[in-house]
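Asker: The structure is given below, and queries will be raised subsequently.
Protein chains: 2
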Amino acid sequence: MTQPRTPIRLPEKASTDRSDLDRLLDSTHIGHFALVSEDGTPAVIPTMVVRDGDRVLAHGSTGSRWMRRLATGAPTALGVTAYDGLVVARSAFESSIRYRSAVIFGRCSTVTEDKERFLDLVTETLIPGRSAEVRRPTKAELAATLVLALPLEDWSMKVSAGWPEDEDDDIAGPAWAGVVHVHHVYDAPLVAPDLRDGIDVPPSVRALAERSGG
Amino acid sequence: MTQPRTPIRLPEKASTDRSDLDRLLDSTHIGHFALVSEDGTPAVIPTMVVRDGDRVLAHGSTGSRWMRRLATGAPTALGVTAYDGLVVARSAFESSIRYRSAVIFGRCSTVTEDKERFLDLVTETLIPGRSAEVRRPTKAELAATLVLALPLEDWSMKVSAGWPEDEDDDIAGPAWAGVVHVHHVYDAPLVAPDLRDGIDVPPSVRALAERSGG
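As they're listed, the protein sequences go chains A and B. When the letters of the first sequence are read in order and numbered with the numbering used here, they come out as residues 80 to 293. When the letters of the second sequence are read in order and numbered with the numbering used here, they come out as residues 80 to 293.
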C-alpha cells in the first residue's frame, strides 16, 4: 500500500501529507514498536528512531530479544508522537492538546550494509556536527549493532493543530481560551566526571543550547 | 503479579522502584497502547495518560474503535517514555540518551463512576489550577467520555541516567564527554481568534510559563 491510511476516528485531523510525516520523524526520535509475542499477547518496545529517506531506522544490541523478533519480520506498528502544546478551551471538556502522531505499519528488515553511515546518521540527527568530532566506529562496534529498517509505505497520521472549539454559550462566558506551545530546551552541558582537564565543550554541543534558545 | 518485571536486556538499567514509575507517569502524559487486532496483527494507539493512584487512566470518545477494543479487556502493553537528555560520549558508539521508559502490562477496565473527578484530574495534571477557572462538565459531556483504567500491577521500567562509559583509549584521547539535559518550556500564550475582548490570561496559564522557566 503506498497511499497513507485515513484514521477512522477524527478524520478531520488526518494528514496524508508525507512532508508532515517527515517533519515529525525528523524532530521526534522516541518510537514505540508494537508487536505480538509468541503467546499472542501484545508487547511494546520503546526505542530511538531516525528517518533515512523512505524508511525509519532503529538500532539496538544483537542480544535484544525484542529487536531480534522484529528482525525476523514479525508484523509491527510503530507509533511516534510529538507533544506540541496545550489547547486551553473555555471548558475542561473541550480542552485538549496539540500533537502530531504517526503510526507506521509493516515488517522490519535487517540492515547489513552501510551501518557506518547509519551510525553517522543517528549522531548527526541528535547532535549535528558531532560525527566529525569523534573517531570512526570500529569493526567490532559495527558488528555489535543490529540495525532495523521499517519502510514508510503503510502509515497514518493525525495532526492536532487547531484552536479551542467551544460552544456559543461558553464563548459568551467569562473564561479565557487559547493555545500554549511547548518546546524542548537543552540545558548547559554537564562535564563527565572522568573528562581529562583542558578539553573544551565542542562546537556541536555548544550549538545545542543555541539552537533551542536555552 | 505485584512485583515489577526485570527487563531481560540491560538489567543494570532496570528500576523496580515504584516511585520512579510514579514520577515518570506524573510528568509524561503521552502513552502508546499496544494491542492485537482481530486479525492477529499488532496495533499501537497514541493517547494521553494520567496516573490516578495505583492505575493509569486514558480517555477517548465512546466512538473510538480502538478504545472500545481496549474497553473489552483485550490484553495490552502501555509504553510511556520520557526523553531526558543526551549522553555525549567520546565515540559515536557509546553516545546515547538519558531516558525513563515504562511498560505496563494488563487489561483495561471501563471507569463508569467518578468521571467528573477524572476530568478534573486530567485538567489539573496538564494545567494546575484550571479546574476552578472553568464551568463544571455537563452530564452530556460526561456521558460522551469513555474512561479506561489500567492497573499498575505488572510493569517494567528502565532508567538511563548515567554518564558516558568510554573505553580507556578514548578517555585518553582528545574528545569531550558529558551530558546535556533537556526540558520542556511553555511559550507565551496565544489568544484564541474568537476570544472576546477584555478577558485576561488566567493565573493557571500564566503559571505554566513560570513553572517551566520559559
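For every residue, glycine included, the Cβ atom is placed at its ideal position computed from N, Cα and C.
1) Name, going along the chain, the residues of the region 225-244 of chain B whose beta-carbon falls closer than 7 Å to a beta-carbon of chain A.
2) Taking the alpha-carbon positions, what's the proline 243 of chain A to proline 272 of chain B distance?
3) How far does the beta strand (DSSP E) with tryptophan 234 of chain A in it extend, from its first residue to its last?
4) Is there a C-beta anywhere in chain A that falls below 9 Å from the one on valine 190 of chain B?
5) Listed in chain order, which residues of the region 261-277 of chain A have Cβ atoms closer than 9 Å to some Cβ of chain B?
6) Check each candidate in A:Leu103, A:Leu225 and A:Trp234 and name the one with the smallest Cα separation from aspartate 193 of chain A.
7) Considering only the alpha carbon of each residue, which of B:Asp163, B:Arg130 and B:Ser283 lies closest to isoleucine 176 of chain B?
8) Shortest alpha-carbon distance to histidine 108 of chain B belongs to which of B:Leu136, B:Leu114 and B:Pro282?
9) Less than 9 Å separating the beta-carbons of tryptophan 255 of chain B and aspartate 279 of chain A?
10) According to DSSP, simplified to helix, strand and coil, what is threonine 126 of chain B?
11) When the cut-off is 9 Å and only beta carbons count, does alanine 222 of chain A lie next to chain B?
12) Would you report the Cα separation of methionine 80 of chain A and aspartate 133 of chain A, rounded to the nearest angstrom?
13) Would you say leucine 165 of chain A reaches chain B, if we count a Cβ-Cβ gap shorter than 9 Å as a contact?
14) Which value, in whole angstroms, describes the spacing of the CA atoms of valine 201 of chain B and valine 129 of chain B?
15) Consider the Cβ of aspartate 99 of chain A: report whether some Cβ of chain B lies at a distance smaller than 9 Å.
16) Would you list the one or two residues that DSSP bridges to alanine 161 of chain A?
17) What is the DSSP secondary structure of serine 188 of chain A, reduced to helix, strand or coil?
18) Starting from aspartate 279 of chain A, find everything on chain B with Cβ-Cβ shorter than 9 Å and list it in chain order.
19) Let me see if you follow: with CB-CB separation under 9 Å, is glutamate 289 of chain A close to chain B or not?
20) When you check each C-beta in the region 197-219 of chain B against every C-beta of chain A, which residues fall closer than 8 Å?
21) Can you pull the DSSP bridge partners for phenylalanine 112 of chain B?
22) Find the residues of chain A that neighbour alanine 171 of chain B, judging by a C-beta separation of less than 8 Å, and give them in chain order.
23) Proline 154 of chain B versus chain A: which residues are under 9 Å apart at the beta carbon?
24) Only counting the same chain, and skipping five residues up and downstream in sequence, which positions put a Cβ closer than 7 Å to that of proline 230 of chain B?
25) Run the CB neighbour count on arginine 215 of chain A, radius 10 Å, all protein chains shown included, and call it buried at 16 or more, exposed below.
26) Any C-beta of chain B sitting closer than 9 Å to the C-beta of aspartate 133 of chain A?
27) If you run the structure through DSSP and keep just helix, strand and coil, what is serine 143 of chain A?
28) Is it true that the CB of valine 259 of chain B sits closer than 9 Å to the CB of tyrosine 178 of chain A?
29) Let me check understanding here. Comparing Cα to Cα, which of A:Arg290, A:Leu274, A:Ala122 and A:Ala211 lies closest to proline 154 of chain B?
30) Quick one: is valine 284 of chain A buried, meaning 16 or more other Cβ sit within 10 Å of its Cβ, or exposed?
31) Mind checking if methionine 80 of chain B is an interface residue toward chain A, Cβ cutoff 9 Å exclusive?
32) Mapping the DSSP letters down to three states, classify alanine 256 of chain A as helix, strand or coil.
33) How many whole angstroms separate the CB atoms of glutamate 212 of chain A and proline 268 of chain A, which I take to be in contact at a CB cut-off of 8 Å?
34) Using a Cβ-Cβ cut-off of 7 Å (strictly less than) and excluding sequence neighbours within five positions of glycine 293 of chain B, which residues of its own chain qualify?
35) Which one of B:Ala93, B:Pro125, B:Asp131 and B:Gly158 has the shortest CA to CA distance from aspartate 105 of chain B?
36) CA-CA distance, threonine 191 of chain B and glutamate 173 of chain A?
Answerer: On the basis of the data shown:
1) Trp242 and Pro243
2) On the first sequence, residue 243 of chain A is found 164 positions in, with the first residue counted as 1. On the second sequence, residue 272 of chain B is found 193 positions in, with the first residue counted as 1. Their Cα atoms are separated by approximately 9 Å.
3) Taking the first sequence and counting its residues from 1, the one referred to as residue 234 of chain A is at position 155. From DSSP, the beta strand (DSSP E) with tryptophan 234 of chain A extends over 233-239.
4) The residue given as residue 190 of chain B occupies position 111 in the second sequence. Cβ-Cβ to chain A under 9 Å: no for valine 190 of chain B.
5) Val261, His262, His263, Val264, Tyr265, Asp266, Ala267, Pro268, Leu269, Val270, Ala271, Pro272, Asp273, Leu274 and Arg275
6) Taking the first residue of the first sequence as 1, we reach residue 193 of chain A at position 114. The candidate whose alpha carbon is nearest that of aspartate 193 of chain A is A:Leu225.
7) Reading the second sequence from its first residue, position 97 is the one you call residue 176 of chain B. Of the candidates B:Asp163, B:Arg130 and B:Ser283, the one whose C-alpha sits nearest the C-alpha of isoleucine 176 of chain B is B:Asp163.
8) For the purposes of this step, residue 108 of chain B is taken as the residue at position 29 of the second sequence. Comparing Cα positions, the closest option is B:Leu136.
9) Within the second sequence, numbered from 1, the residue matching residue 255 of chain B stands at position 176. Within the first sequence, numbered from 1, the residue matching residue 279 of chain A stands at position 200. Contact: yes.
10) The sequence position of residue 126 of chain B within the second sequence is 47, counting from 1. The answer is strand: DSSP assigns threonine 126 of chain B an E or B state.
11) In the first sequence, residue 222 of chain A corresponds to position 143, counting from 1. No, because no Cβ of chain B sits closer than 9 Å to the Cβ of alanine 222 of chain A.
12) Here the question's residue 80 of chain A lines up with position 1 in the first sequence. Here the question's residue 133 of chain A lines up with position 54 in the first sequence. At methionine 80 of chain A the pLDDT is 42, less than 50, meaning the model places this residue with poor confidence and gives no usable figure here.
13) Position 86 of the first sequence, counted from the start, is the residue given in the question as residue 165 of chain A. Chain B, which has a Cβ nearer than 9 Å to the Cβ of leucine 165 of chain A, makes this yes.
14) The residue given as residue 201 of chain B occupies position 122 in the second sequence. The residue given as residue 129 of chain B occupies position 50 in the second sequence. About 7 Å.
15) The sequence position of residue 99 of chain A within the first sequence is 20, counting from 1. Chain B contact via Cβ: absent.
16) To locate residue 161 of chain A, count along the first sequence from 1; it is residue 82. Paired residues: A:Arg179.
17) For this step, residue 188 of chain A is matched to residue 109 along the first sequence. The answer is strand: DSSP assigns serine 188 of chain A an E or B state.
18) One-based indexing of the first sequence puts residue 279 of chain A at position 200. Ordered by position in chain B, the residues that pass the 9 Å Cβ test against aspartate 279 of chain A are Trp255.
19) The count along the first sequence starts at 1 and reaches residue 289 of chain A at position 210. No, no contact with chain B.
20) Leu198, Asp199, Val201, Thr202, Leu205, Ile206, Arg209, Ser210, Glu212, Val213, Arg214, Pro216 and Thr217
21) The residue given as residue 112 of chain B occupies position 33 in the second sequence. Beta-bridge pairing links phenylalanine 112 of chain B to B:Ile124 and B:Leu157.
22) On the second sequence, position 92 is the one that residue 171 of chain B refers to. The answer, in chain order, is Leu198, Asp199, Val201, Thr202, Arg209, Ser210, Val213 and Pro216.
23) Position 75 of the second sequence, counted from the start, is the residue given in the question as residue 154 of chain B. Per Cβ cutoff of 9 Å: Gly119, Thr120 and Pro121.
24) Stepping through the second sequence from its first residue, residue 230 of chain B is reached at position 151. Contacts found: Asp133, Arg134 and Gly185.
25) Here the question's residue 215 of chain A lines up with position 136 in the first sequence. Exposed, since its Cβ has fewer than 16 Cβ neighbours within 10 Å.
26) Translated into the one-based positions of the first sequence, residue 133 of chain A becomes position 54. Not an interface residue.
27) In the first sequence, counting from the first residue as 1, residue 143 of chain A sits at position 64. Correct three-state label for serine 143 of chain A: coil.
28) Here residue 178 of chain A refers to the residue found at position 99 of the first sequence. Here residue 259 of chain B refers to the residue found at position 180 of the second sequence. Not closer than 9 Å, so no.
29) Start at 1 with the first residue of the second sequence, and residue 154 of chain B comes out as number 75. Answer by Cα proximity: A:Ala122.
30) For the purposes of this step, residue 284 of chain A is identified with residue 205 of the first sequence, where counting begins at 1. Its Cβ being crowded by 16 or more others within 10 Å, valine 284 of chain A is buried.
31) As a first step, residue 80 of chain B must be located in the second sequence, where it is residue number 1. Low per-residue confidence applies at methionine 80 of chain B: pLDDT is 42, beneath 50, and the placement is therefore not dependable, though the value from the model is reported in the following sentence. Output row for methionine 80 of chain B: interface = no.
32) Counting from one through the first sequence, the residue named residue 256 of chain A turns up at place 177. Reduced to three states, the DSSP call for alanine 256 of chain A is coil.
33) Working through the first sequence from its first residue, we reach residue 212 of chain A at position 133. Working through the first sequence from its first residue, we reach residue 268 of chain A at position 189. Contact doesn't hold; Cβ gap of about 13 Å is too wide.
34) To locate residue 293 of chain B, count along the second sequence from 1; it is residue 214. Reliability of the predicted coordinates at glycine 293 of chain B is poor, the pLDDT of 34 falling under 50, and no value is obtained from them.
35) Position 26 of the second sequence, counted from the first residue, corresponds to residue 105 of chain B. The candidate whose alpha carbon is nearest that of aspartate 105 of chain B is B:Asp131.
36) Here residue 191 of chain B is taken as the residue at index 112 of the second sequence, counted from 1. Here residue 173 of chain A is taken as the residue at index 94 of the first sequence, counted from 1. Cα to Cα, threonine 191 of chain B sits roughly 20 Å from glutamate 173 of chain A.
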